[in-house]
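Quick note, the sequence shown lines up with residues -27 to -1, 1 to 499 if you use mature numbering (1 follows the signal peptide of the UniProt record, and there is no 0).
Built from N, CA and C at the ideal position, the CB exists for glycine as well.
Computed from a predicted model, the values in this text were never measured in an experiment.
This report concerns only the one structure given below.
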Amino acid sequence: MASSSSLFRCFLHFFFFFFFIISQVQAANLPFHPRDVLPLLPRQVSWPVLNSLNSPVDLLPSFVGSVSSSNRIVNWKGACFYENTAWVEFHNKTGSEFGGGTLHIKVSYPHSWTCMDLYVFATPYRVTWDYYFLSREHTLEIKEWQDKAEYEYVKNRGISIFLMQAGMLGTLQALWDVFPLFTNTGWGENSNIGFLEKHMGATFEERPQPWFTNISVDDVHSGDFLAISKIRGRWGGFETLEKWVSGAYAGHTAVCLKDSEGKLWIGESGHENEKGEDIIAIVPWDEWWDFELNKDDSNPHIAYLPLHPDVRAKFNETAAWEYALSMAGKPYGYHNMIFSWIDTIGGNYPPPLDAHLVASVMTVWSKIQPEYAANMWNEALNKRLGTQGLNLSDILVETEKRGSSFDELLTIPEQDNWIYSDGKSTSCIAFILELYKEAGLFDPIADSIQVTEFTIKDAYSLKFFENDSSRLPKWCNDADDVKLPYCQIKGKYRMELPGYNSMEPYAHMNERCPSMPPKYFRLQNC
C-alpha cells in the first residue's frame, strides 16, 4: 500500500500538470476555473496557490456605483460575471408612509460555471449582502424605508453597491490572510512583514545582535522623539494597516522629558493603564524601558530621534511639562485619529478604499457598536458640520442637504482647539506635536499649524532632528555596521524612516496631502 506522502506527491504532480493545461486554454469558455476549485483540494496544494492570488487587501469591497431615481442604471464588470446591470424600483407594497424598494441586479457572462460574485449593499441606515451564482436577474427587496430621511437619501444619492473583488472564495482566503496580522505568533509577525513588503515596499534587514542598546540617560534630553514600530499581536496588526494607508514606517510614538532633578520620563498617548484603558501617561524611563525590553509582546522596534541643538535651544521645557501634566490621565485621542490620514477627496485611499467604503464601514459599526462609533467619528464629523449630537445617518443626510458630500466632509482639517466630550483629543503623535507647539518649536507660525492633521510620517519628516552623525551619542548604533542618521535602540530589523528630518514647517502644513502607496508622493506645500 502506498504511503500517504507518496500519494500526496502523485496528486501534487497531477494537480499542477492539470493546472498548467487548463491555464493554456485561453480562448475556450471553460466549465470551471482552476481557482474556483482550489479550496476543495488538499490544503498543502490549494493554499500556496491561493496565497499567490489573494491578499488581505482583497477583503476590501470595491465601490461599483450607486443606483437612485436620477442615476437609474449602473453597469460594471464583476469578479465572476463580466456584465452586470443594476437599477432600483420604488414601490409601496406595504402601504407604509414612505414605501420601500426593489434593487434589481442582472448578471451575465460568467468566466466559469462555478464562480460567484459577492456584494455588499449600503445606505446610511442599513447594510446587507448577497451572492450570485446564476446568470439571470436577481432582486433584493427592501420592504420599507426606515423613515423619510432614508427614502430621500436613496432617491437622491442611491443605494451604494460594493463588489468583493476577490469573489466568494478569494474573500474567504483573504480573511484567513488578514487573521494572522493580529495574532501574537511568529506566523503573525511574518504576515505583518510580508504585508508591508508587498504593499509598501518596506525592507526588513536583520541587524547584528544584541538587538537593544544600553542607553546613557545623560545623553537624552527633553523633547527627544521615540518612533516605535510593532510587528506582531493586536497592535502589530493595527499598526500595519495604519502604516499602509498613511505611508508611515512607524506606528506609535513617545517623547522624552527630563525634570528639574535630571530624571528622565516618557510622555505617551496610548499607554495602557491597569484597567486596560489607553490613556495619556507620564512614565519613568526605567519603567517604560523595562516594559519595552521584557514585557511588550508586540516585538517593538524603537528609534531614538534627538532634537537638533538649535531646535533644543528653542525648546521651552517648562511649557512642555505644563502641557504634558495637563493632559496626563486623559483618554487616547480616538476622536480624530482617522482624520490625520484623510486630507483629499481621492488621494489618500489605497485601492480599493474610497469614501463610499469608509461610510459603509462606519455605518456597519454604528449599528453594531453605537458608542464606539460616537467616540471614533461621530463627534468629529459633527465638529466639521458645526452640529451637535447627530448620529452617522443624520450626518450623511445633513451633508447632502448642504449640497456637499461625505468625501468632502472627511477632508475638512481638524482643529487643535476643538474640545470633545472627554476633553482635547490627541493621538500619540498629536500629543507630542502639541507639546512641541506649546514648547515653541512651531513659532512664529504656530497659530497656522494644526498638529492633529499630522501623521507619524509627517512628524519624523520635520526638520527638527539632529543632522550631524558626529553629535549622536557614542552608544548610538554602536553594534550595527550600518550607521543610521538616528539611533535605533531596539529591534531585530533595521528601521527605515523615509523622508526623515527633511521638511521645514510651513503654514497649514499637511492639511491637503495625498498619501498613495507604494511611493506616497506628496505635493509641495500641501
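With distance defined between alpha-carbon atoms, name the residue in the options nearest to residue i.
i	options	result
P304	A254, L363, I315, E344	A254
G220	D263, G206, E56, W314	W314
P487	V218, S202, K79	V218
W60	T87, E110, H84	E110
G396	E411, F379, A353	A353
G159	T226, E179, W184, I204	I204
L113	V93, Y98, P97	V93
E250	Y307, R444, G319	Y307
F437	S42, R285, N187	R285
P324	A432, L136, L107, E117	L136
G51	V80, G68, N65	V80
I188	F177, A276, Y82, C401	A276
H329	P97, L154, D441, T87	P97
D232	E344, T291, K216	T291
F155	E212, P83, W350, E125	E212
L358	Q388, R99, T428	Q388
K410	A432, E260, I392	A432
residue 504	S378, S398, W258	Nothing can be reported for residue 504, as the shown portion of the chain is limited to -27 through 499.
D451	Y124, E170, T186	T186
R444	W391, D283, S85	D283
In whole angstroms, what separates the C-alpha of residue i from that of residue j?
i	j	result
C499	G464	33 Å
K248	G302	12 Å
H77	T101	14 Å
S35	Y466	34 Å
F418	N44	According to the sequence provided, residue 418 is Ile. The question's Phe does not apply to it. Between I418 and N44, the C-alpha separation is close to 46 Å.
S133	T75	14 Å
G38	D120	23 Å
T360	D380	18 Å
D191	L383	44 Å
F264	L326	36 Å
F494	S69	52 Å
N65	F71	7 Å
I462	P490	28 Å
L280	V193	10 Å
L13	F106	Any reading at L13 must be qualified, since the residue scores a pLDDT of 43, below 50, and its modelled position is unreliable; the value itself is stated next. Those two C-alpha atoms are separated by around 17 Å.
P471	V331	27 Å
I252	P183	32 Å
Y459	H274	13 Å
V(-3)	Y55	Confidence in V(-3) is poor, its pLDDT being 33 and thus under 50, which makes the residue's placement unreliable; the coordinate value appears in the next sentence. Cα to Cα, V(-3) sits roughly 19 Å from Y55.
W118	V424	42 Å
G320	K216	16 Å
N355	K456	47 Å
I429	S475	14 Å
G131	K374	14 Å
E469	G174	11 Å
E241	L414	19 Å
P478	W258	29 Å
D9	C88	Annotation note: pLDDT 45 at D9 (below 50); position unreliable, coordinate value reported separately. Distance between the alpha carbons of D9 and C88 is about 6 Å.
Following the continuous alpha helix (DSSP H) through residue i, name the residue where it begins and the one where it ends.
i	result
Y126	121 to 129
F312	No alpha helix (DSSP H) holds F312; DSSP gives it neither H nor E.
D431	429 to 433
Taking the DSSP output, what are the residues bridged to residue i?
i	result
L237	K231
residue 523	Only positions -27 to 499 of the chain appear in this structure, which leaves residue 523 out of reach.
G73	H64
H329	DSSP lists no partner for H329.
D251	E245
Y163	Position check: residue 163 holds Asn in this sequence, whereas Tyr was assumed. In the DSSP output, where bridge partners are listed per residue, N163 has none listed.
T58	N48, K79
F152	BP columns for F152 are empty, so no partner.
P304	I252
Y466	E179
F438	L280
residue 519	The first residue shown for the chain is -27 and the last is 499, placing residue 519 beyond what the model contains.
Following the continuous beta strand (DSSP E) through residue i, name the residue where it begins and the one where it ends.
i	result
F94	90 to 96
I132	132 to 136
E114	110 to 115
residue 503	A query on residue 503 cannot be resolved here, the shown segment of the chain reaching from -27 to 499 and no further.
D103	99 to 105
N157	From DSSP, N157 is part of no beta strand (DSSP E); its letter is neither H nor E.
If we define contact as Cβ-Cβ less than 7 Å, is residue i a contact residue for chain B?
i	result
W208	This model lacks chain B altogether; it includes just one protein chain.
- prompt: In chain order, which alpha helix (DSSP H) runs of at least 4 residues are fully inside the region 173 to 228?
  reply: 206 to 219
task: Identify every run of the alpha helix (DSSP H) within the region 253 to 301, keeping only runs that are complete inside it and at least 4 residues long; order them along the chain.
output: 258 to 267, 282 to 287, 290 to 300
task: At 4 residues or longer, and completely inside the region 331 to 417: list those alpha helix (DSSP H) runs for me, N to C.
output: 343 to 346, 352 to 358, 365 to 374, 379 to 383, 401 to 411
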